[in-house]
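2 is the number of the first residue of the sequence shown in the working numbering; add one for each residue after it. Using N, Cα and C, we set each Cβ at its ideal position, and we do this for glycine too. Structure record follows, encoded as structure tokens.
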Amino acid sequence: MDIAYHPIDIISLAVLIDTNQISQLKGVMMKRFLFLPIFFLLFALTGCDASSTESTVQAYEATIESCDEDDTTETQGLTVGEKLEDFEYLFNIIASNYPFLEMNKRQHGVNWIANKDDYIERLQETEGDLKYYIVLNNIVKDLNYDHTSVFNNTGYANVLRTYKNVMLEPWLEVLEDPVVQSRYLNAVKDEDQDNVTEAQEKSGDLILDKWDETSTAYIKISSFNRFNIEEDWGKMQPFINDLDDIHSLIIDIRGNGGGDTTYWTDYLVPELISESKESSKYFCFRGGEYSEPFIISRLGYKYSDMEVIDEAFIKAFSTGLPAEIKTDFKYYITDTMLINPIDDEGYLGDIYLLVDRYVSSSSQSFMQFMSDTDLAYIIGEPTAGEGSGFDPLLLRLPNSGYVIRFPGVMVLNSEGANIEETIVNPDLLVDTNIALEKAIELIKINNE
Numbered sequence: 002m003d004i005a006y007h008p009i010d011i012i013s014l015a016v017l018i019d020t021n022q023i024s025q026l027k028g029v030m031m032k033r034f035l036f037l038p039i040f041f042l043l044f045a046l047t048g049c050d051a052s053s054t055e056s057t058v059q060a061y062e063a064t065i066e067s068c069d070e071d072d073t074t075e076t077q078g079l080t081v082g083e084k085l086e087d088f089e090y091l092f093n094i095i096a097s098n099y100p101f102l103e104m105n106k107r108q109h110g111v112n113w114i115a116n117k118d119d120y121i122e123r124l125q126e127t128e129g130d131l132k133y134y135i136v137l138n139n140i141v142k143d144l145n146y147d148h149t150s151v152f153n154n155t156g157y158a159n160v161l162r163t164y165k166n167v168m169l170e171p172w173l174e175v176l177e178d179p180v181v182q183s184r185y186l187n188a189v190k191d192e193d194q195d196n197v198t199e200a201q202e203k204s205g206d207l208i209l210d211k212w213d214e215t216s217t218a219y220i221k222i223s224s225f226n227r228f229n230i231e232e233d234w235g236k237m238q239p240f241i242n243d244l245d246d247i248h249s250l251i252i253d254i255r256g257n258g259g260g261d262t263t264y265w266t267d268y269l270v271p272e273l274i275s276e277s278k279e280s281s282k283y284f285c286f287r288g289g290e291y292s293e294p295f296i297i298s299r300l301g302y303k304y305s306d307m308e309v310i311d312e313a314f315i316k317a318f319s320t321g322l323p324a325e326i327k328t329d330f331k332y333y334i335t336d337t338m339l340i341n342p343i344d345d346e347g348y349l350g351d352i353y354l355l356v357d358r359y360v361s362s363s364s365q366s367f368m369q370f371m372s373d374t375d376l377a378y379i380i381g382e383p384t385a386g387e388g389s390g391f392d393p394l395l396l397r398l399p400n401s402g403y404v405i406r407f408p409g410v411m412v413l414n415s416e417g418a419n420i421e422e423t424i425v426n427p428d429l430l431v432d433t434n435i436a437l438e439k440a441i442e443l444i445k446i447n448n449e
């Protein structure tokens with residue numbers, strides 16, 4: 002089955018959605034479905050949501066340490082039986098739905114399933130709900146994936162607000178569960194407040210320049226932050242439209258940790274191309290019962306609508322296919338991103354793309370698309386595997402009401418490799434500090 006849209010991840014931005022963006026689908030052909038074009042920032046998210054979780058945990062630990070030994074407030078709440086029942090529920094869903102258990106073994110040497118007894122022992126020793134949260138959070142962290150975490154109050158409030166705006170089930174069903182709202186009571190009270198941070202509101206550092214001596218234009222994009230799009234594009238579009246006599250264009254995304262994919266799918270790429278460009282990936286699912294309602298809601302497919310992972314699918318990839326695809330995954334669909342040009346002109350010169358190790362999430366998706374479609378010659382350092390797919394699934398623990406998010410899909414690139422484990426090498430491998438210098442050298446050689 003083919004799906005011709007680029008799926009999104011609302012949760013990972015954890016900010017207010019501007020519903021006016023629905024009308025901003027300028028260059029992307031969306032067949033079958035129309036989704037709010039918000040993409041997650043894997044690397045940048047780690048610095049935002051994860052740090053927020055760390056702050057909450059530290060605050061909890063400080064609260065616990067400040068309690069008197071005879072203070073019974075901390076020890077009231079969940080019973081040991083309720084805590085273990087919650088964990089058993091979590092464990093069973095992760096065991097049958099989570100896509101990266103084997104990757105965790107390969108990358109971090111952690112056999113999360115085999116650690117079950119140790120996790121149970123650690124949870125049994127917790128006194129009070131706060132200590133339980135800390136231990137539970139550390140157990141979930143053992144899965145070693147940035148989009149897998151236990152929500153704190155801030156994360157819960159932001160995600161609740163987001164899904165209220167789009168009215169997307171079954172995410173709302175989890176978030177509005179009475180037990181969940183009781184757990185996150187303060188977050189619910191603060192839910193109507195503006196949580197957009199100063200960092201999110203701040204425009205990125207966009208640099209536009211022209212060097213006439215080499216007939217070169219230079220665009221430096223530090224972030225694909227959705228809050229930067231309007232201001233950045235107001236400057237960038239007339240700049241690109243004035244490049245008819247410029248032979249080479251350098252796009253510098255070194256240090257760009259991602260943001261909103263529409264920054265480049267709806268604006269930058271459609272302005273650069275003169276004909277439609279597309280690239281494909283494969284969404285692979287384990288077939289767990291818990292995941293299916295989320296997949297139906299987000300992608301429009303039941304498992305019965307998907308292709309079955311069989312010998313023909315496996316043999317289609319000569320190398321790179323993760324071993325667990327053959328044993329632990331049942332279904333797949335093909336995701337095709339098709340981007341159409343703004344007009345039939347585009348930019349006719351050579352494009353050079355500068356990257357480094359910090360390029361991730363939607364910025365790495367941009368790099369991959371430019372590479373797959375031969376739109377740019379890529380210079381710099383290797384980038385790590387990107388996060389992709391669609392919104393992380395939400396799981397509520399029945400007794401405690403804590404909400405856990407986790408990915409429900411493994412995405413394979415066109416060669417069958419798991420993109421989370423795939424290092425993307427540039428065409429010219431150089432130290433990031435001299436990438437711009439090397440690009441200019443190449444341009445001078447090509448101009449001779």
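| task | Please confirm if the segment 211-227 is in contact with the segment 260-273, defined as three or more CB-CB distances below 8 Å between the two stretches. | result | yes
| field | Boundaries of the beta strand (DSSP E) in which F407 is found, first to last residue | value | V404 to F407
| request: Please state whether DSSP places Y1 in a helix, a strand or coil. | output: Here the chain comprises residues numbered 2 to 449, so residue 1 is not present and cannot be evaluated.
| Per-residue burial, A218 [other beta carbons within 10 Å of its own, 16 or more giving buried] | buried
| Proximal residues to L85 (C-beta, below 8 Å), its chain only, five neighbours per side dropped | I121, L124 and Q125
| message | What does the Cβ neighbour count give for T328, buried or exposed, with the cut at 16 atoms within 10 Å? | response | exposed
| task | Name the residue from N112, N187, R107 and D130 whose alpha carbon lies nearest to the alpha carbon of G82. | result | D130
| Between the segment 266-274 and the segment 310-322, are three or more C-beta pairs nearer than 8 Å? | no
| query | Considering only the beta carbon of each residue, do K355 and G390 sit closer than 7 Å? | reply | Here residue 355 is Leu; the residue named in the question, Lys, does not match the sequence. Not a contact, by the Cβ cut-off of 7 Å.
| query | Roughly how many angstroms separate the alpha carbons of I241 and N159, rounded to a whole number? | reply | 36 Å
| Given Y146, which residues of its chain have a CB within under 6 Å of its CB, disregarding the five upstream and five downstream residues? | F101
| field | Run of the beta strand (DSSP E) containing F286, from where it starts to where it stops | value | K278 to F286
| Would you say I343 and A377 are within 7 Å of each other, going by their C-beta atoms? | no
| query | How many Å lie between K278 and L339 at the Cα? | reply | 6 Å
| task | Kindly indicate which residue of K303, A418 and N154 has the alpha-carbon position closest to the one of S281. | result | A418
| said: Quick check on DSSP: helix, strand or coil for S361? | reply: coil
| task | Ignore the nearest five residues each way along the sequence and tell me which others in I208's own chain have a CB closer than 6 Å to its CB. | result | K221
| message | Quick check on this structure: which residue in I95, D428, E89 and N434 has the alpha carbon closest to the alpha carbon of L395? | response | I95
| Relative to the C-alpha of T80, which residue among N138, E128, E103 and A115 is closest? | E128
| In this structure, does DSSP put L437 in helix, strand or coil? | helix
| field | Collapsed DSSP secondary structure at I252 in the structure displayed | value | strand
| task | Compare the C-alpha of T337 against each of I315, R287, T266 and K303 and name the closest. | result | T266
| said: Measuring alpha carbon to alpha carbon, tell me which residue in L250, H248, Y264 and T215 is nearest G235. | reply: Y264
| field | According to DSSP, residues forming a beta bridge with S150 | value | R406
| Proximity of Y268 and G288 at Cβ, strictly below 7 Å | no
| task | Would you mind working out which of Q108, V175 and E276 sits nearest T374, comparing C-alpha positions? | result | E276
| message | On the criterion of 16 or more Cβ atoms from any shown chain inside 10 Å, does A115 qualify as buried, or is it exposed? | response | exposed
| query | What residue range is occupied by the uninterrupted beta strand (DSSP E) comprising G381? | reply | Y378 to G381
| task | Return helix, strand or coil for Y291, following the three-state DSSP convention. | result | coil
| request: To the nearest angstrom, report how far apart P294 and I254 are at their CA atoms. | output: 37 Å
| request: Report buried or exposed for A436, applying the criterion of at least 16 other Cβ atoms within 10 angstroms of its Cβ. | output: buried
| message | With H, G and I counted as helix, E and B as strand and the rest as coil, what does DSSP make of K445? | response | helix
| task | May I ask you to report which of helix, strand or coil DSSP gives T80? | result | coil
| query | What separation, rounded to the nearest whole angstrom, lies between the Cα atoms of D178 and C285? | reply | 29 Å
| request: Could you say which of T384, Y283 and G350 lies nearest to G256 if we only look at CA atoms? | output: T384
| field | Secondary structure of V356, DSSP reduced to three states | value | strand
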